[in-house]
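Heads up, the thing below is written out as structure tokens.
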Amino acid sequence: MRSRFPRKVFEVGDEPDPRFSLANERTFLAWIRTSLALLLAGVALEALDAPIQAEIRLASALIFIALGLVSIVHAWWSWAATERSMRLMQPLPGLAVGAIITSGAAIAIVGIIVGSLLV
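The opening position of the sequence shown corresponds to residue 13 in the working numbering, with each subsequent residue numbered one higher.
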């Protein structure tokens with residue numbers, strides 16, 4: 013049988029029901045879409061020179077970009093951990109970064125609102 017990447021995930025346990033693996037991949041892709049949206053929000057905030065106080069605009073943009081990068085890392089880690097758990101018939105891992113991403117986005121959005129009122 014041909015070896016699949018990453019071996020750390022695919023060479024353990026038994027092959028799970030394909031429906032569950034495909035659902036895990038869809039969740040991975042949803043996280044990738046989320047990370048791209050967060051990255052785009054950060055870049056657009058600075059590139060479009062929105063009428064927001066400059067320091068607050070930059071801080072909000074950097075928060076969005078950081079959250080996008082965290083989301084990318086989380087997408088990969090979560091996919092691998094979930095696939096490994098399914099193969100080993102163990103409980104699935106919990107959502108590790110949901111509160112961080114939600115809190116960070118809320119802080120950035122409040123910053124944008126406050127920054128637009130200060131102009």
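No residue lacks a Cβ here, since even glycine has one placed at the ideal position from N, Cα and C.
Residue range of the unbroken alpha helix (DSSP H) whose run includes residue i
{"i": "Ile119", "result": "110 to 129"}
{"i": "Gly80", "result": "66 to 99"}
{"i": "Phe22", "result": "19 to 22"}
{"i": "Leu34", "result": "30 to 59"}
Burial state of residue i (16 or more Cβ within 10 Å)
{"i": "Ser90", "result": "buried"}
{"i": "Phe17", "result": "exposed"}
{"i": "Glu95", "result": "buried"}
{"i": "His45", "result": "Looking at the sequence shown, residue 45 is not His but Arg. Its Cβ having fewer than 16 others within 10 Å, Arg45 is exposed."}
{"i": "Arg19", "result": "exposed"}
{"i": "Ala42", "result": "exposed"}
{"i": "Arg69", "result": "buried"}
{"i": "Leu57", "result": "buried"}
{"i": "Leu48", "result": "exposed"}
{"i": "Ala73", "result": "buried"}
{"i": "Ile125", "result": "exposed"}
Distance between residue j and residue i (C-alpha atoms, nearest Å)
{"i": "Phe22", "j": "Leu129", "result": "52 Å"}
{"i": "Gly106", "j": "Ile77", "result": "24 Å"}
{"i": "Ala59", "j": "Ala120", "result": "16 Å"}
{"i": "Arg31", "j": "Leu52", "result": "31 Å"}
Review point. For the region 97 to 105 against the region 58 to 69, are there 3 or more C-beta pairs whose distance is under 8 Å?
Key: no
Practice item. Would you check if there are 3 or more beta carbon pairs closer than 8 Å linking the region 73 to 87 to the region 113 to 125? Key: yes
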